[in-house]
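Novice: Can you read through this structure? Questions will come right after.
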Amino acid sequence: MKKIQRLFSLLFLLMALLFTGISVNAQAKLSIGRETARQKEKRMQWWTEGRFGMFIHWGLYALPARHEWVKNRERINNETYQKYFDEFNPDLFEPKKWAKEARAAGMKYAVLTTKHHEGFCLFDSKYTDYKATNTSAKRDLVKEYVDAFRAEGIKIGFYYSLIDWHHPDFTIDKYHPLRPANDDDTAAYPALNKGRNMAIYRKYLYNQVTELLSNYGKIDILWLDFSYPGKLGKGKDDWDAVNLLKQIRKLQPGIIVDNRLNLEDYTDGADFVTPEQVSTKELEKYKGKVWETCQTFSGSWGYYRDEDTWKTHRQLLDLLITSTSNGGNLILNVGPTARGEFDYRANNALDSMAQWMHANSKAIYNCTYAPETFLVPDNDKLTYNAATKRLYVHLFEYPASGTLTLKGYKGKIKYAQFLHDDSELQYKEDGNDLILTIPIKKPRFEIPVVELVLN
Ligand code: GLC
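Numbering (this note's numbering), first residue to last: 3 to 457.
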């Protein structure tokens with residue numbers, strides 16, 4: 003009898019041990035760590051205030067130059083894809099130039115693809131030969147990126163693909179280049195996966211993330227990509243996501259992690275949500291959440307030579323202003339060429355952002371949506387800095403009348419000026435409204451900003 007009792011208590015102890023670190027909170031959602039909401043807010047403060055980052059998608063796919071998913075889209079096997087590895091020779095790679103451009107554009111953080119779905123590593127990993135050090139580049143390109151961006155005062159982010167179309171143990175699923183001719187042919191997968199062992203890949207993934215977070219000093223952001231749970235997909239169990247996230251937080255306690263690990267059941271399974279390539283209209287839905295929208299200059303993330311749908315300066319500005327005015331961040335993507343340079347179209351886009359941000363960044367940094375008591379003038383957008391008590395009116399439609407009416411603003415402000423040059427804008431009261439006199443000639447900014455100093 004005693005023996006049985008002892009056995010039971012042992013079993014109980016074992017169960018308790020198993021569940022250590024995974025506790026259930028009031029909303030019946032699980033949690034992995036013990037951070038309070040206040041602590042999280044503090045940890046993320048620089049990111050929330052910074053609002054604007056640079057995404058960099060760079061890998062072997064820059065050589066085919068027809069989308070970073072080319073290996074999937076054209077069902078290319080490792081042998082055929084090898085030519086891109088053999089030809090990779092980024093002779094113009096100068097990350098200091100990238101960092102200077104990011105800084106000039108007003109970007110406060112950057113996120114580089116250390117490995118994308120194709121599996122090629124820009125860093126010197128001891129767990130693979132499929133890495134930059136074994137190409138003509140002959141060096142750790144991630145290290146150079148880190149040093150260059152850090153020197154410009156830009157926070158360092160790593161993108162790391164959970165998916166890997168090169169690794170021999172990564173099982174073939176609906177997105178794999180070697181998937182059956184008919185993607186949904188469930189019966190065809192087991193034979194294709196003979197000899198592949200996802201547990202080995204899982205360990206590889208864990209080891210590489212550990213390397214990335216151990217060998218490059220303080221890393222500010224980890225952008226893991228992505229989960230697609232379901233029968234022919236992959237999700238948290240395939241990545242062993244809970245233990246992976248624990249390891250990430252252990253190695254880099256201050257790090258900020260995206261939401262693509264498929265840990266939606268956990269209160270702290272992600273730090274921010276990542277609406278991808280959505281419209282400005284859709285961004286309004288995210289107000290109140292912690293979020294970052296990721297957007298390309300053109301349709302693809304990797305360098306795409308013949309892609310011509312480049313966003314205009316106005317569209318890019320709209321994305322940045324709309325993100326801030328709904329309490330979120332924008333990360334804009336550059337896909338450098340295989341030689342390691344930003345394409346001239348990306349340079350133009352960045353230069354135009356740099357001009358606007360030079361003059362108007364105060365309406366972005368540390369700003370968010372305005373209190374509801376301030377009506378938004380027709381066609382314009384508002385951002386608001388609670389610390390300095392300033393409200394910004396982004397003039398999407400420049401008033402031809404020479405006046406700007408602020409309905410219901412009487413008694414709410416004590417001074418008005420253009421933000422780009424601190425030149426006064428005189429105003430008078432009209433009932434409950436204020437009427438600002440605006441020069442007929444539009445300032446040389448696509449979207450000029452009026453700064454209102456609040457009472
Ligand atoms: C996607 C794509 C990808 C890109 C990423 C950026 O899920 O797979 O190519 O890296 O999103 O958000």
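Beta carbons are placed, not taken as given, at the ideal position from N, Cα and C, and that holds for glycine.
At a cut-off of 8 Å, is P132 close to the ligand GLC when judged by its beta-carbon and the heavy atoms of the ligand?
Specialist: Against the sequence shown, residue 132 aligns to sequence position 130. In the sequence on display, residue 132 carries Tyr and not Pro. False, no ligand heavy atom lies under 8 Å from that Cβ.
Novice: So for S127, helix, strand or coil by DSSP?
Specialist: Counting from one through the sequence shown, the residue named residue 127 turns up at place 125. Reduced to three states, the DSSP call for S127 is coil.
Novice: Measure the alpha-carbon distance for Y43 versus T50 and round it to whole angstroms.
Specialist: In the sequence shown, the residue the question calls residue 43 occupies position 41. In the sequence shown, the residue the question calls residue 50 occupies position 48. Before going further, note that residue 43 is Glu rather than Tyr in the sequence given. Distance between the alpha carbons of E43 and T50: 9 Å.
Novice: Exposed or buried, K416, counting other C-beta atoms within 10 Å across all chains shown (16 or more means buried)?
Specialist: Sequence index remark: in the sequence shown, residue 416 carries index 414 (1-based). The residue is exposed, with fewer than 16 neighbouring Cβ atoms inside 10 Å.
Novice: In whole angstroms, what separates the C-alpha of Q249 from that of E278?
Specialist: As a working note, residue 249 is residue 247 in the sequence shown. As a working note, residue 278 is residue 276 in the sequence shown. Straight-line Cα distance between these residues: approximately 27 Å.
Novice: With a Cβ-Cβ cutoff of 9 Å, do V395 and L454 count as a contact?
Specialist: To locate residue 395, count along the sequence shown from 1; it is residue 393. To locate residue 454, count along the sequence shown from 1; it is residue 452. For V395 and L454, yes; Cβs fall inside 9 Å.
Novice: Are the Cβ atoms of S127 and E213 separated by less than 9 Å?
Specialist: In the sequence shown, the residue the question calls residue 127 occupies position 125. In the sequence shown, the residue the question calls residue 213 occupies position 211. Closer than 9 Å, so yes.
Novice: State the beta-bridge partners of K117 as determined by DSSP.
Specialist: For the purposes of this step, residue 117 is identified with residue 115 of the sequence shown, where counting begins at 1. Partner(s): C123 and Y162.
Novice: Under 8 Å by Cβ, that's how I've got A356 and A107 pegged, so tell me the actual separation to the nearest angstrom.
Specialist: As a first step, residue 356 is located in the sequence shown; it is residue number 354 there, counting from the start. As a first step, residue 107 is located in the sequence shown; it is residue number 105 there, counting from the start. Sure, about 5 Å apart at Cβ, within 8 Å.
Novice: Below 8 Å on the Cβ atoms is my contact criterion, and I expect Y273 with V292 to pass it. Report the Cβ-Cβ distance as a whole number of Å.
Specialist: Counting from one through the sequence shown, the residue named residue 273 turns up at place 271. Counting from one through the sequence shown, the residue named residue 292 turns up at place 290. Looking at the sequence itself, residue 273 is Asp, so the reference to Tyr does not match. Confirmed, about 7 Å.
Novice: Give the straight-line distance between the Cα atoms of A101 and I156, rounded to the nearest whole angstrom.
Specialist: For the purposes of this step, residue 101 is taken as residue 99 along the sequence shown, with counting starting at 1. For the purposes of this step, residue 156 is taken as residue 154 along the sequence shown, with counting starting at 1. Those two C-alpha atoms are separated by around 8 Å.
Novice: On a Cα-Cα basis, can you pick out the residue from L406, S229 and S327 that is closest to K383?
Specialist: Walking along the sequence shown from the start, residue 383 turns up at place 381. With distances taken between Cα atoms, K383 lies closest to S327.
Novice: At which residues does the alpha helix (DSSP H) containing V455 begin and terminate?
Specialist: Along the sequence shown, read from residue 1 onward, the residue named residue 455 stands at position 453. Careful: V455 lies outside any alpha helix (DSSP H), inside the beta strand (DSSP E) at V451 to L456.
Novice: Among N91, L143, Q41 and W167, whose alpha-carbon lies nearest the alpha-carbon of E81?
Specialist: Along the sequence shown, one-based indexing puts residue 81 at 79. The residue with the shortest Cα to Cα distance from E81 is W167.
Novice: Should W303 be listed as close to the ligand GLC, given that the test is whether its C-beta is under 8 Å from any heavy atom?
Specialist: The residue given as residue 303 occupies position 301 in the sequence shown. Yes, Cβ of W303 sits closer than 8 Å to a heavy atom of the ligand GLC.
Novice: Distance check for T324 and C123, CA to CA, integer angstroms please.
Specialist: Taking the sequence shown and counting its residues from 1, one reaches residue 123 at position 121. Taking the sequence shown and counting its residues from 1, one reaches residue 324 at position 322. Cα-Cα distance, rounded: 35 Å.
Novice: Which runs of the alpha helix (DSSP H) fall wholly inside the region 382-416 and span at least 4 residues, in chain order?
Specialist: Correct list: empty.
Novice: Is the CB-CB distance between R45 and G256 below 9 Å?
Specialist: Along the sequence shown, one-based indexing puts residue 45 at 43. Along the sequence shown, one-based indexing puts residue 256 at 254. Yes, the pair counts as a contact, with Cβ atoms nearer than the cut-off.
Novice: Would the C-beta of T370 count as close to the ligand GLC, meaning under 8 Å from any of its heavy atoms?
Specialist: Here residue 370 corresponds to residue number 368 of the sequence shown, with the count starting at 1. The answer is no for T370.
Novice: Near R77, what residues of its chain come up, given a Cβ to Cβ distance below 6 Å and the 5 sequence neighbours on each side ignored?
Specialist: In the sequence shown, residue 77 corresponds to position 75, counting from 1. Contacts found: P179.
Novice: Starting from C369, follow its DSSP beta bridges and name the residues at the other end.
Specialist: Mapped onto the sequence shown, residue 369 falls at position 367. Answer is none; C369 lacks a bridge partner.
Novice: Can you name the start and end residues of the alpha helix (DSSP H) that K430 belongs to?
Specialist: The sequence position of residue 430 within the sequence shown is 428, counting from 1. From DSSP, K430 is part of no alpha helix (DSSP H) but of the beta strand (DSSP E) over Y429 to D432.
Novice: With DSSP run on the structure shown, which of helix, strand or coil describes W225?
Specialist: For the purposes of this step, residue 225 is taken as the residue at position 223 of the sequence shown. Strand at W225.
Novice: By DSSP, does I437 sit in helix, in strand, or in coil?
Specialist: One-based indexing of the sequence shown puts residue 437 at position 435. DSSP places I437 in strand when its eight states are reduced to three.
Novice: Could you check whether R262 and S302 sit closer than 9 Å to each other, using their CB atoms as the reference points?
Specialist: Along the sequence shown, one-based indexing puts residue 302 at 300. Along the sequence shown, one-based indexing puts residue 262 at 260. Their beta carbons are not under 9 Å apart, which means S302 does not touch R262 by this criterion.
Novice: With H, G and I counted as helix, E and B as strand and the rest as coil, what does DSSP make of A18?
Specialist: Taking the first residue of the sequence shown as position 1, residue 18 is located at position 16. In this prediction, A18 has a pLDDT of 49, which is less than 50 and means its spatial position is unreliable; what the coordinates show is noted afterwards. Residue state, collapsed to three classes: helix.
Novice: What residue does the beta strand (DSSP E) around I58 start on, and which one ends it?
Specialist: Counting from 1 along the sequence shown, the entry for residue 58 is found at position 56. Unbroken beta strand (DSSP E) run through I58: F54 to I58.
Novice: Applying the criterion that 16 or more other CB atoms from any shown protein chain within 10 Å of the CB defines a buried residue, is N27 buried or exposed?
Specialist: Locating residue 27 in the sequence shown gives position 25, counting from the first residue. Per-residue confidence for N27 stands at a pLDDT of 45, beneath the threshold of 50, marking its modelled position as unreliable; the derived number appears in the next sentence. Exposed, by the Cβ-count rule.
Novice: Which residues in the same chain have their Cβ closer than 8 Å to the Cβ of R307, if we skip the five residues on either side of it in sequence?
Specialist: Residue numbering aside, residue 307 sits at position 305 when the sequence shown is read from its first letter. Result list for R307: A67 and R68, in chain order.
Novice: So the candidates are G197, D222 and R316; which of them puts its Cα closest to the Cα of Y161?
Specialist: The residue given as residue 161 occupies position 159 in the sequence shown. Measuring from the Cα of Y161, the nearest candidate turns out to be D222.
Novice: Check whether the region 130-140 and the region 83-96 touch, using three or more Cβ-Cβ pairs below 8 Å as the test.
Specialist: Because the criterion of three Cβ pairs below 8 Å is met, the region 130-140 and the region 83-96 touch.
Novice: Once DSSP output is grouped into helix, strand and coil, what is the label at L334?
Specialist: Position 332 of the sequence shown, counting from 1, holds the residue named residue 334. Strand.
Novice: Measuring only the C-alpha atoms, how far is D149 from G159?
Specialist: Counting from one through the sequence shown, the residue named residue 149 turns up at place 147. Counting from one through the sequence shown, the residue named residue 159 turns up at place 157. Approximately 12 Å, taken between the alpha carbons.
Novice: Which one or two residues does DSSP pair with V211 in a beta bridge?
Specialist: Translated into positions along the sequence shown, residue 211 becomes position 209. Answer by DSSP bridge pairing: none, since V211 is not bridged.
Novice: Could you tell me if F338 is buried or exposed, where buried requires 16 or more neighbouring beta carbons within 10 angstroms of its beta carbon?
Specialist: In the sequence shown, residue 338 corresponds to position 336, counting from 1. Note that residue 338 is Pro in the sequence shown here, rather than Phe. Per the 10 Å Cβ criterion, buried.
Novice: Provide the residue span of the alpha helix (DSSP H) that contains E146, from first to last.
Specialist: For the purposes of this step, residue 146 is taken as the residue at position 144 of the sequence shown. L143 to A153 is the extent of the alpha helix (DSSP H) around E146.
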